[in-house]
Amino acid sequence: MKKGIVSAFLLLILVFTGCETSPPINVQDDVFGGVAVTGSPVGAAIFLDGNNTGKVIPDTLQVKAGVHQIGAQMDGFLSETKNITVPGNSITNVVFDLAPVTEQKVVVLEDFANVSCVPCVTSNLVINALQKGTYKNSPVLFIKYHVNYPSPQDPFYQANRSQLTARAQLYNVLSTPTTFIDGRFKPLSADSNQIKQYIEQQLRQPARFRMTATDSIASGEIHAKIGIEVLSIPEAGQNDIVLHVFVVQEEVSFTTPPGSNGETVFHDVVRGFFTGAAGFVPAFNGDNGQKLNYSFSLSTGTGWDLSKIKVVAFLQNKNSKEIYQSAFSIK
């Protein structure tokens, strides 16, 4: 009988000790805190760690204790994000005061073409009609890159082969014509309605930067001055936002077609690269209100009509390809 009692006692010991880890781990429930989000404008969407919560200002979020990003966004206002530390079992107050958009976003249309590209004849007509008609007095920048297909003898391509190839590779362009709006949207190059849809959509977006571009020509060189003011710094890595600065000729004419598609007049052609294929990384410090100014120089090229030359500049995320803002010099 004693043997049975001892065995049962040992069994109980094994059961209880078997439920412990070695060494034992104290398991605690997650600790939560509250975030009371208030301010203006009322109705702005509240974001938690980059995700839309479905809640709007004013409201309170329940979150795990720790470090979080709280953001607020609303059309017509500059978005804002704040880093906060939320203690457990208490309420943290976050107040937003979003600034209304006062700066117009300049939309960038980039088109890849070739002097021997037959479909480019139609797309060029469509894009030129939009530029001179619908968007004649609108903040839309048109840029044409000439690449090496179908003909590597394209004279515009030959003048800047490595830079133009790199630009096409950035977007994985495999044929011409290919068109992008603000680096993110790819309409059919001959579909004016789709192009307008994307342009109008982007014109409504808030400007994250204020940019200026001026040019001067002296002693066989063109000089560019670019001004940048941060309005609402995007969520991006320190070196992800790149400044591209090009020389664009508004119109180039030939007496005979330089390619096999019959065209003799070309518009908004990239003639030179101030900042090379990779662009230039501005010294952003992460603060809104920061102002930066840069100067670049480039020798003028053979055959350039300097009366039709302008400087174009834009800020682009090299990973997402999104173009945040652009500017161009005015003749």
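Note that my numbering has the sequence shown beginning at 102, numbered continuously upward. For every residue, glycine included, the Cβ atom is placed at its ideal position computed from N, Cα and C.
Judged by beta-carbon spacing, H324 lies within the 8 Å limit of S396, meaning their Cβ atoms are closer than that value. Approximately 14 Å separates the beta-carbon atoms of N225 and E351; this is outside 8 Å, ruling out the contact.
In terms of CA proximity to N386, N340 leads the group N340, K206, F133. The continuous beta strand (DSSP E) containing S141 extends over residues 133 to 141. Spanning the alpha carbons of F197 and I334 requires a straight line of approximately 16 Å.
Around S398, the same chain offers E322, H324 as residues with beta carbons nearer than 6 Å, after the five sequence neighbours per side are excluded.
Going by C-alpha positions, T313 is about 34 Å away from I158.
CA-to-CA, the gap between G155 and R268 works out to about 38 Å.
Distance from the CA atom of E211 to the CA atom of D131, rounded to whole angstroms, is 50 Å. Around the C-beta of R262, fewer than 16 other C-beta atoms lie within 10 Å, and the residue is accordingly described as exposed. The criterion of a C-beta distance shorter than 8 Å is not satisfied by G338 and I424. Apart from the 5 residues on each side of it in sequence, Q391 sits with its Cβ closer than 6 Å to the Cβ of V331 in its chain, given in chain order.
L399: member of the beta strand (DSSP E) spanning 392 to 400, first to last residue. Beta bridge pairing from DSSP links Q426 with L416. The shortest CA-to-CA distance from V216 to any of K409, H368, N418 is the one to H368.
With respect to the 8 Å criterion, V207 and P240 are classified as neighbours on the basis of their beta carbons. Taking a 10 Å sphere around the C-beta of E301, we find fewer than 16 other C-beta atoms and assign the residue as exposed. Closest in C-alpha terms to P288, from the list D316, F213, P383, P251, comes F213. Annotation: T139 to I329 spans about 31 Å, alpha carbon to alpha carbon. For F374, the CB contacts under 7 Å within the same chain, skipping 5 residues up- and downstream, are N261, Q264, F347 in chain order. Per DSSP, reduced to three states, the secondary structure at A291 is coil, with no helix or strand assignment. Between V227 and S293, the C-beta gap is smaller than 8 Å, which places the two residues in contact. Within the region 188 to 276, the complete beta strand (DSSP E) segments at least 3 residues long are 192 to 198, 208 to 214, 241 to 247, listed from N- to C-terminus. Beyond the five residues adjoining it in sequence on each side, V370 comes within less than 6 Å, by CB distance, of K245, F257, Q350, V353 in the same chain, given in chain order. Distances from the alpha-carbon of Q259 to those of A384, R372, G144 put R372 closest.
Contact between A145 and M175 is confirmed by a C-beta separation of about 4 Å, below the 8 Å threshold.
Boundaries for D388: no beta strand (DSSP E) harbours it, and the DSSP string shows neither H nor E there. Taken in chain order, the complete beta strand (DSSP E) segments of 3 residues or longer contained in the region 310 to 376 are 310 to 319, 322 to 331, 342 to 354, 366 to 374.
The beta carbons of E181 and A308 sit no closer together than 8 Å.
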